[in-house]
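Here the structure comes first, spelled out in structure tokens, and everything after it is commentary.
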Amino acid sequence: MDGAVNEILRWASTNCYVLRRCTRDFGLNGTTIKRGDLVTLWNVSANRDQEVFRDPDAFDILRTPNRHLAYGHGVHRCVGAPLAAMELDLFFRQIVDRKLRLEVDGDVRWLRSNFINGPAMLNVSVCR
């Protein structure tokens, strides 16, 4: 189940980007970024980076390794990531074990945001 959960997170990260302030001067691909500069890190782009992920636009639950950035990275990694991963694992295991089917019931209303990705409203019917 881990492979499926990680691929879902890579494919549909909830946060699109994070903003950081540079703590020291450094160079990146020929560009100098100075101490104090603001840098936007686009998680949704990083999770589709063709230099990191083979066939990045394919949805592949067998993808290994799958070093997605859905929860961030390093000292800023989401402290709730282990709990969220456990909840997602339990949720999908229950669906599979109980042979349930989820069906979208009505129109999906999407968030209008360049920061958070996902539905604002999603009605779902649980079927056998």
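Residue numbers (this note's numbering): 2 to 129.
Heads up, the beta-carbon is just placed ideally off N, CA and C, and yes, glycines get one too.
Predicted, not measured: the structure shown is a model, and the values here were computed from it.
Check whether the Cβ atoms of residue i and residue j lie closer than 7 Å to each other.
i: N67; j: R11; result: yes
i: R150; j: M2; result: Residue 150 cannot be examined here, being either before or after the span of the chain that is shown, 2 to 129.
Residues in the same chain with beta-carbon distance under 6 Å from residue i, minus the five sequence neighbours each way, listed in chain order, please.
i: V45; result: S14 and C17
i: A82; result: Y72
Does DSSP classify residue i as helix, strand or coil?
i: V125; result: strand
i: G4; result: helix
i: G28; result: strand
i: L39; result: strand
i: V19; result: strand
i: R104; result: It should be pointed out that residue 104 corresponds to Glu in this sequence rather than to Arg. It is a strand residue.
i: P57; result: coil
i: P66; result: coil
i: R110; result: strand
Under 8 Å by Cβ, that's how I've got residue i and residue j pegged, so tell me the actual separation to the nearest angstrom.
i: L89; j: V6; result: 5 Å
i: G37; j: R21; result: Contact flag wrong, Cβ pair sits at about 11 Å.
i: I62; j: G4; result: 5 Å
i: H132; j: V19; result: The shown model of the chain, from 2 to 129, leaves out residue 132, and the question about it has no answer.
i: R110; j: M122; result: 4 Å
i: R129; j: K100; result: 7 Å
Keeping to the same chain, check which residues put their C-beta closer than 8 Å to that of residue i; ignore five residues upstream and five downstream.
i: C79; result: Y72, G73 and A85
i: N124; result: V105, D106 and G107
i: I34; result: C23, D26, F27, G28 and V40
i: V53; result: A47 and R68
i: I117; result: T15, N16 and C17
I'd like to know if residue i contacts chain B, where contact means its C-beta is closer than 7 Å to some C-beta of that chain.
i: D26; result: Protein chains in the displayed structure number just one, and chain B is not present.
CB-CB under 7 Å to residue i, same chain, minus the five flanking residues each way: which ones, in chain order?
i: D58; result: R49
i: Q51; result: P57
i: L42; result: Y18, V19 and R21
i: E8; result: F60, D61, I62, R64 and N67
i: V127; result: L101 and L103
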